[in-house]
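Undergrad: Below you will find the structure I want to go over with you.
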Amino acid sequence: MIIELKPLVIKSNEIIVQGGLKQESLQRSTSSVTVYDKEEIRRTDGNHFQDIMETIPNLNAAGGTSRPRYFQIRGIGERSHYFAEGPPNFSVGFVIDDIDLSGLGMAGLLYDLEQVEVFKGPQSAMYGPNALAGLISMQSTKPDNEFDVNLRLTRGTDNIQRFNGMINV
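Take the position in the sequence shown, starting the count at 1, then add 3; the result is the number in our numbering.
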């Protein structure tokens, strides 16, 4: 009796990191980065960045019930922001489509996103002083030349109602 094993090659799609100075493969990136692509975002079935944030190592958020949440990466970051503390100096950058939204506190919806990248470690050379501890970068889905409509309606207990929509013209 002869037992023979056949090699099995599992290929996955190449993940491109877009938040750096240039687009590069995740395997070639020298940064410590966690990437969620469109399919992974869809699988989480979340509505807000907080829904996937809990699965990203070394990323935390702090904030009270009526205040925005502030990010910490590897323990570095803000826990609150009060006027008595002086001018803000955020340590974790938060960028959506290359627009710096640092300090707004949890401004990211997951709907119609192409990719979410979390860079751990200093990113100040590319993004300035607001990225001392790291950077959270979100990229929206790019428009194409075809008409497309995508709607999402969510209803739940406690009178939860959500509606998201996207039209590509």
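Glycine residues also receive a C-beta, built at the ideal position from the N, C-alpha and C atoms.
Bear in mind that the values here come from a model prediction, so they are computed numbers and not experimental data.
Rounded to whole angstroms, what's the CA-CA distance from residue 57 to residue 163? Just pull it up for me.
TA: Translated into positions along the sequence shown, residue 57 becomes position 54. Translated into positions along the sequence shown, residue 163 becomes position 160. The straight-line gap from Cα to Cα measures roughly 22 Å.
Undergrad: So, residue 55 versus residue 113, is the Cβ gap smaller than 9 Å?
TA: Taking the sequence shown and counting its residues from 1, one reaches residue 55 at position 52. Taking the sequence shown and counting its residues from 1, one reaches residue 113 at position 110. Yes, these two residues count as a Cβ contact at 9 Å.
Undergrad: To the nearest whole angstrom, what separates the beta carbons of residue 97 and residue 139, a pair I think is in contact under 8 Å?
TA: Start at 1 with the first residue of the sequence shown, and residue 97 comes out as number 94. Start at 1 with the first residue of the sequence shown, and residue 139 comes out as number 136. Confirmed, about 5 Å.
Undergrad: When the Cα of residue 143 is compared with those of 157, 161, 117 and 131, which residue comes out closest?
TA: Numbered from 1 along the sequence shown, position 140 holds the residue referred to as residue 143. Minimum Cα distance to residue 143 is reached at 117.
Undergrad: Are the CB atoms of residue 145 and residue 34 within a distance shorter than 9 Å?
TA: As a first step, residue 34 must be located in the sequence shown, where it is residue number 31. As a first step, residue 145 must be located in the sequence shown, where it is residue number 142. No, the Cβ-Cβ distance between residue 34 and residue 145 is not below 9 Å.
Undergrad: If distances are taken between C-alpha atoms only, which option among 137, 132 and 115 comes closest to residue 168?
TA: On the sequence shown, position 165 is the one that residue 168 refers to. Checked all of 137, 132 and 115; the closest Cα to residue 168 is 115.
Undergrad: If you drop the 5 nearest sequence neighbours on each side, which residues of the same chain put their C-beta closer than 6 Å to that of residue 155?
TA: Taking the first residue of the sequence shown as position 1, residue 155 is located at position 152. Once the five neighbours on either side are set aside, the close Cβ partners of residue 155 are 167.
Undergrad: Could you check what DSSP says for residue 103 in three-state terms: helix, strand or coil?
TA: Working through the sequence shown from its first residue, we reach residue 103 at position 100. In this structure, residue 103 counts as strand in the three-state DSSP scheme.
Undergrad: Can you tell me where the beta strand (DSSP E) holding residue 157 begins and where it ends?
TA: Position 154 of the sequence shown holds residue 157. First-last of the beta strand (DSSP E) with residue 157: 151 to 159.
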